[in-house]
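>
Residue numbers (the numbering used here), protein chains in the order written: chain A, 1 to 539; chain B, 1 to 306.
(1) Could you name the residues that DSSP lists as bridge partners for residue 228(A)?
(2) Leaving out the 5 sequence neighbours to the left and right, which residues in its chain are closer than 6 Å to residue 463(A) when beta-carbon positions are compared?
(3) What does residue 272(B) touch in chain A if you count any residue whose Cβ is under 8 Å from its own?
(4) DSSP three-state label for residue 444(A), please.
(5) In the structure shown, what three-state DSSP assignment does residue 355(A) receive?
(6) Which term fits residue 508(A), buried or exposed, when burial requires 16 or more other beta carbons within 10 angstroms of its beta carbon?
(7) List the residues of chain A that residue 146(B) touches, going by C-beta distances under 7 Å, in chain order.
(8) Run through chain A and tell me which residues come within less than 8 Å of residue 92(B), C-beta to C-beta.
(9) Can we say the region 235–243 of chain A touches the region 270–289 of chain B, given the rule of at least three CB pairs closer than 8 Å?
(10) Using only the alpha-carbon positions, how far apart do residue 225(A) and residue 54(B) sit?
(11) Would a check of beta-carbon distances place residue 177(B) closer than 8 Å to chain A?
(12) What are the residues in the region 242–260 of chain A lying within 8 Å of chain B by C-beta distance?
(13) Can you tell me which of 210(A), 419(A), 384(A) puts its alpha carbon nearest to the alpha carbon of residue 406(A)?
(14) The beta strand (DSSP E) with residue 42(A) in it runs from where to where?
(15) Which word fits residue 64(B), buried or exposed, when buried means at least 16 other C-beta atoms lie within 10 angstroms of its C-beta?
(16) For the candidate residues 261(A), 310(A), 324(A), whose alpha-carbon lies nearest to that of residue 516(A)?
(17) Tell me, please, whether the region 173–185 of chain A touches the region 78–98 of chain A by the rule of three or more beta-carbon pairs shorter than 8 Å.
(18) Can you give the Cα-Cα distance for residue 205(A) and residue 264(B), rounded to whole angstroms?
(19) Measuring CB to CB, does residue 78(B) end up less than 8 Å from residue 139(B)?
(20) Just checking my contact of residue 114(A) with residue 166(A) at CB under 8 Å: how many whole Å lie between their CB atoms?
(21) Could you name the residues that DSSP lists as bridge partners for residue 162(A)?
(22) Is any heavy atom of the ligand SAH found at a distance shorter than 7 Å from the C-beta of residue 255(B)?
(23) Counting only Cβ-Cβ distances shorter than 8 Å, please list the residues of the region 134–166 of chain A near chain B, keeping chain order.
(24) Tell me residue 99(A)'s beta-bridge partners as DSSP assigns them.
(25) Tell me the DSSP secondary structure of residue 17(A) in three-state form.
(26) In chain order, what residues of the same chain lie with their CB nearer than 7 Å to the CB of residue 13(A), ignoring the 5 residues before and after it?
(27) Tell me, which residues are paired with residue 436(A) by DSSP?
(28) Check each candidate in 411(A), 395(A), 356(A), 327(A) and name the one with the smallest Cα separation from residue 372(A).
(29) Per DSSP, what kind of secondary structure is residue 500(A) in: helix, strand or coil?
(30) When burial is assigned at 16 or more other CB atoms within 10 Å of the CB, is residue 64(A) buried or exposed?
(31) If we cut at 8 Å on Cβ distances, does residue 275(B) have a partner in chain A?
(32) Short of 6 Å in beta carbon distance, which residues of its chain neighbour residue 420(A), apart from the five on each side in sequence? Order them along the chain.
(33) Check this for me: beta carbons of residue 495(A) and residue 455(A), under 8 Å apart or not?
(34) Unbroken beta strand (DSSP E) runs of length 3 or more, entirely within the region 80–136 of chain B: which are they?
(35) Please determine, among 504(A), 257(A), 298(A), 219(A), the residue with the shortest C-alpha to C-alpha distance to residue 355(A).
(36) Residue 180(B) and residue 255(B): beta carbons closer than 8 Å?
Listed below in structure tokens is the structure:
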């Protein structure tokens, strides 16, 4: 994995100040730029808000990355790069000192200071802001974050302090070596205090919003488009090529594809799977597939019989032919998953699990034996409902998997689809036997995936509970040694392989249509794209 | 007539109240809530959000709070689109849907009535068969098939017209959505019009008019059109509300910022205040236009008096 130029090594070894590279549009010599540099992107759905402290979804984050700049940013291959902070240091992974970039300005000309970040972090955890991502600060273990969210401590007590305009000190409850890599998440973006206080809930409107990213908000028509224009005050404005960025909330993949083919957008949000093969043939230069740090899996309700029996879970998991799902049902370049953490996660090297090395035939034979041991056979077949949220793709996969189960084990899985919010409710309430699920990492580190299966994690809907697993994960957070942590993660994966609380099926990819004349399209595994890194080539 | 209008207005109030009450509680009984998401929130974070939107209070109290604000014309904040109130979003979306809908409506009535009349006058000729089979095709082809085909031909193939977008309602952006929307209505209107025109043309007073030696066009325009159009008018009242409050299909396919998209997303996101606000809007419009249809009846048909 060449891409594993590790951010862990970056953040852990950051005891000395980093003056690393910065990324911007790098137009290769000899490339002639288009006269009009106006980028139009499909963005999936209308944004719920443009307030970084009230968002949680992907469409919002896409726009926010252009509007605001956090302390660090995510490079073209997912590496952590300095942004509003020019450098940082820590000696114990517990107290981090950030040095602000000199000359960084808000779109109204005000300087971006450490005080802006202090204000922003405190605003994000303040119960009055009611941020759906407040938990992220708790997870980052910033001192007092939890108590503030719970309302037992005043917001002022958050251990994020601007020593002066240029120095920001963040103190954590316990050492967290990958803390810096958590800071390119858009929920940690700064906001402009004066305009937030002046305009209240209306500060995100065009004309009111003051931003510190490469772009500023120009117009916003709900359900039609958001237009951003170049922020002349941005510190690296000279390197920005794209003058104008439009985000279109196109919910229908087919409609989005048509807009792309009619040359109205340069980049889609996703692409319809049933058209993938045709598009790949007709427009090979436009189809872009990149790895995405997320896993699609089936989750077992370990509190419900017979899924409390590891033999049943293992049998069902073994019988899923992942190669067939990834290559034939989907076929966009998804990879079969035998571990919960995707291979492309930074600093994660999956240890090969024994069952992954077997042939599908051998796996099914093992599965049959396990299921028989658990008391299920032809005369007493295992029957249950397989829950998924309404979508063509989930349905296709569910049909394929249930027929593999039927054929291989004689298991009768009844497909049950529910509309999204109903499905979420069923999962949270534990009203399911086996459910489709997916998880995308918030930051490029294995813990962003693995912590999901800790017994006290609010998203552990299958109620998996393994003290050994919890202990390993707790250890991984304390250790300062990256090798030891990598080992912890491998052992954690080994436990998952043995206990099989979830059956990983495939690892996600980002598949979209991109005009061949859009330059600078990166390979970022978190799909963190910045318009400032792109440029339109003359065509 | 004034008394009639006043009576209809009074009747509207309890009707709307029932509508609001039923929708309010139905929404609350739907599984999930506006803030349930895949990444489950720590209980305290969730409680903070619910407190901010008043969802921590008993449902019955929320209901009366809602009514209190509603009386003042405030539809509340959108639970999904946190930077906007429902009033602002509806004010932005309604003109879009109304502009496309009204255009499609006017064109549909014009073409539907003309073609239906033409077919009736040429009953059982090739023209009649041609028009009516065309209308049949128009009725059975749904807009989610027609619209993408239009895009394929005129946007991707010929590149004459944009495949979507609104751009403040510029003409070229309206052509395909309006066609996609009106075909079905033209067909329905033409079929109703033809049937009723044939019936009217066979009646005694038309025979008398013919016997007087009046020209065909004079008979149609001055004698037949008014009685023949009545069934079309009763079809148009409810259809008009549907057409101006936006078509989900057309708005999604063409990426239009109208009411249809707000409605569907509101329901999917459990955006309580949005769904309620739009239900009230559509309810009020339906009541209004049904009343207008009744008034139009009286204008068109002298036999009807209130």
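Heads up, the beta-carbon is just placed ideally off N, CA and C, and yes, glycines get one too.
Small disclaimer: the values here were computed from a predicted structure and weren't measured.
Quick answer:
(1) For the purposes of this step, residue 228(A) is taken as residue 228 along the first chain, with counting starting at 1. Beta-bridge pairing links residue 228(A) to 217(A), 245(A).
(2) Here the question's residue 463(A) lines up with position 463 in the first chain. Here the set comprises 302, 303.
(3) What you label residue 272(B) is simply residue 272 of the second chain in a count that begins at 1. The contacting residues do not exist; residue 272(B) stays about 12 Å from chain A at best.
(4) In the first chain, the residue the question calls residue 444(A) occupies position 444. If DSSP states are grouped into helix, strand and coil, residue 444(A) belongs with coil.
(5) As a first step, residue 355(A) is located in the first chain; it is residue number 355 there, counting from the start. Here residue 355(A) sits in helix by DSSP.
(6) For the purposes of this step, residue 508(A) is identified with residue 508 of the first chain, where counting begins at 1. With 16 or more other Cβ atoms within 10 Å, it is buried.
(7) Counting from one through the second chain, the residue named residue 146(B) turns up at place 146. Within 7 Å Cβ-Cβ: nothing; residue 146(B) doesn't reach chain A, min ~14 Å.
(8) The residue labelled residue 92(B) in the question sits at position 92 within the second chain. Here the neighbours are 221, 222.
(9) no
(10) Locating residue 225(A) in the first chain gives position 225, counting from the first residue. Locating residue 54(B) in the second chain gives position 54, counting from the first residue. If I take the Cα positions, the gap works out to 30 Å.
(11) Walking along the second chain from the start, residue 177(B) turns up at place 177. No, residue 177(B) lies away from the interface with chain A (no Cβ there is under 8 Å from its Cβ).
(12) Result list: 248, 249, 250, 251, 252, 254, 255, 258, 259.
(13) Here residue 406(A) refers to the residue found at position 406 of the first chain. Closest by alpha carbon: 384(A).
(14) Locating residue 42(A) in the first chain gives position 42, counting from the first residue. Counting along the chain, the beta strand (DSSP E) containing residue 42(A) begins and ends at 38–42.
(15) Position 64 of the second chain, counting from 1, holds the residue named residue 64(B). Residue 64(B) sits exposed, since fewer than 16 C-beta atoms from the chains shown fall within 10 Å of its C-beta.
(16) Taking the first chain and counting its residues from 1, the one referred to as residue 516(A) is at position 516. The shortest Cα separation from residue 516(A) among 261(A), 310(A), 324(A) belongs to 261(A).
(17) yes
(18) Position 205 of the first chain holds residue 205(A). Position 264 of the second chain holds residue 264(B). Whole-angstrom Cα-Cα distance: 24 Å.
(19) To locate residue 78(B), count along the second chain from 1; it is residue 78. To locate residue 139(B), count along the second chain from 1; it is residue 139. Not in contact: residue 78(B) and residue 139(B) (Cβ atoms no closer than 8 Å).
(20) Locating residue 114(A) in the first chain gives position 114, counting from the first residue. Locating residue 166(A) in the first chain gives position 166, counting from the first residue. Indeed they touch by this definition, with Cβ atoms about 6 Å apart.
(21) By 1-based counting over the first chain, the position of residue 162(A) is 162. Paired residues: 168(A).
(22) Ligands in the displayed structure: none, and consequently the ligand SAH is not present.
(23) Here the close residues are 134, 135, 138, 149, 150, 151.
(24) Your numbering for residue 99(A) matches position 99 in the first chain. Answer is 87(A), 167(A), bridged to residue 99(A).
(25) Here residue 17(A) refers to the residue found at position 17 of the first chain. Reliability of the predicted coordinates at residue 17(A) is poor, the pLDDT of 38 falling under 50, and no value is obtained from them.
(26) Along the first chain, read from residue 1 onward, the residue named residue 13(A) stands at position 13. Low confidence applies to residue 13(A): its pLDDT is 37, below 50, so where it sits in the model is not reliable, and the reading given next is rough at best. Counting only Cβ-Cβ distances below 7 Å, and skipping sequence neighbours, we find nothing.
(27) Taking the first residue of the first chain as position 1, residue 436(A) is located at position 436. Answer is 298(A), bridged to residue 436(A).
(28) Numbered from its first residue, the first chain carries residue 372(A) at position 372. Of the listed residues, the one whose Cα sits closest to residue 372(A) is 411(A).
(29) Position 500 of the first chain, counting from 1, holds the residue named residue 500(A). In the structure shown, residue 500(A) sits in coil (DSSP, three-state: anything other than H, G, I, E or B).
(30) By 1-based counting over the first chain, the position of residue 64(A) is 64. Burial call: buried.
(31) The count along the second chain starts at 1 and reaches residue 275(B) at position 275. Closer than 8 Å: no.
(32) As a first step, residue 420(A) must be located in the first chain, where it is residue number 420. Excluding sequence neighbours, residue 420(A) sits near 389.
(33) As a first step, residue 495(A) must be located in the first chain, where it is residue number 495. As a first step, residue 455(A) must be located in the first chain, where it is residue number 455. No; because the gap between Cβ atoms is not below 8 Å, this pair is not in contact.
(34) The beta strand (DSSP E) runs lying completely inside the region 80–136 of chain B and spanning 3 residues or more number zero.
(35) On the first chain, position 355 is the one that residue 355(A) refers to. When each option's Cα is compared against that of residue 355(A), the closest is 504(A).
(36) Translated into the one-based positions of the second chain, residue 180(B) becomes position 180. Translated into the one-based positions of the second chain, residue 255(B) becomes position 255. For residue 180(B) and residue 255(B), no; Cβs fall outside 8 Å.
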